[in-house]
Amino acid sequence: MPQKLVERELTQEGPRRAGDARGKRRTVTVNIAESPLSWLHARGHLSDRHFDAGERLRMDFERAQLGASITMRWDPVRVKGSSDLGLTRTERQIAAKARFDGALAEAGSGLADILWRVVCAGEALPHAEKHLGWPTRSGKLVLKLALDRVADFYRIR
Numbered sequence: 355m356p357q358k359l360v361e362r363e364l365t366q367e368g369p370r371r372a373g374d375a376r377g378k379r380r381t382v383t384v385n386i387a388e389s390p391l392s393w394l395h396a397r398g399h400l401s402d403r404h405f406d407a408g409e410r411l412r413m414d415f416e417r418a419q420l421g422a423s424i425t426m427r428w429d430p431v432r433v434k435g436s437s438d439l440g441l442t443r444t445e446r447q448i449a450a451k452a453r454f455d456g457a458l459a460e461a462g463s464g465l466a467d468i469l470w471r472v473v474c475a476g477e478a479l480p481h482a483e484k485h486l487g488w489p490t491r492s493g494k495l496v497l498k499l500a501l502d503r504v505a506d507f508y509r510i511r
């Protein structure tokens with residue numbers, strides 16, 4: 355699936371006002387489909403096992419619908435013969451929540467914070483370190499430890 359690229363206008367001093375000639379304009383290409391986890395994996399900071407474990411955790415987070423949502427649901431009508439293994443939507447959601455909770459429990463309370471921030475919330479590693487009050491550049495090591503435990507939970511080799 356091709357990833358969507360978006361060009362955003364940036365300036366040295368922040369957003370430009372109409373008619374403001376203080377700084378030169380520059381553009382940067384931002385890949386909005388790239389998560390912090392895929393960024394680390396693409397640059398060789400995470401192994402395939404770590405990446406797969408993080409993606410499985412994120413998938414269960416999404417399937418359990420643990421993120422913010424709107425108040426109204428616009429779910430499609432259930433189609434007979436779909437590949438849902440005979441489970442209702444609620445049953446699939448409950449199963450995903452149980453897997454997600456099990457993976458975080460396997461990681462442990464000290465490591466669940468970094469997993470949630472980077473993998474599920476899509477927060478950049480430096481921001482997660484800052485919000486957790488950790489030293490700079492410690493997050494990658496802790497994230498790898500957490501993803502090792504999650505990979506064991508999901509039986510990823």
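The numbering of the sequence shown is the numbering used here, which starts it at 355 and goes up by one.
Beta carbons: idealized from backbone N, C-alpha and C, even for Gly.
Best match in the options for proximity to residue i [C-alpha to C-alpha]
{"i": "Ala461", "options": "Arg503, Thr442, Leu391 and Ser392", "result": "Arg503"}
{"i": "Pro390", "options": "Leu499, Trp488 and Leu469", "result": "Leu469"}
{"i": "Lys451", "options": "Lys484, His395, Gly421 and Val496", "result": "Gly421"}
{"i": "Arg446", "options": "Ser392, Glu477 and Ala418", "result": "Ala418"}
{"i": "Met413", "options": "Trp488, Asp455, Leu499 and Arg397", "result": "Asp455"}
{"i": "His395", "options": "Leu486, Phe415, Leu479 and Ser492", "result": "Leu479"}
{"i": "Leu486", "options": "Ala500, Arg471, Ala475 and Lys498", "result": "Arg471"}
{"i": "Ala449", "options": "Glu477, Phe415 and Gly476", "result": "Phe415"}
{"i": "Leu501", "options": "Arg453, Trp393 and Ala457", "result": "Ala457"}
{"i": "Val473", "options": "Lys498, Ser492 and Thr442", "result": "Lys498"}
{"i": "Arg453", "options": "Asp402, Phe507, Ser392 and Gly476", "result": "Phe507"}
Range of the contiguous alpha helix (DSSP H) that encloses residue i
{"i": "Val473", "result": "No alpha helix (DSSP H) contains Val473, which DSSP labels as neither H nor E."}
{"i": "Thr444", "result": "Arg443 to Ala461"}
{"i": "Ser522", "result": "The structure shown does not extend to residue 522, since the chain spans only 355 to 511, so no value can be given for it."}
{"i": "Arg417", "result": "Asp402 to Arg417"}
{"i": "Leu501", "result": "Gly493 to Phe507"}
{"i": "Leu479", "result": "Leu479 to Leu486"}
Residue i to residue j span [Cα, whole Å]
{"i": "Gly408", "j": "Glu388", "result": "14 Å"}
{"i": "Lys494", "j": "Thr444", "result": "35 Å"}
{"i": "Ile510", "j": "Lys484", "result": "30 Å"}
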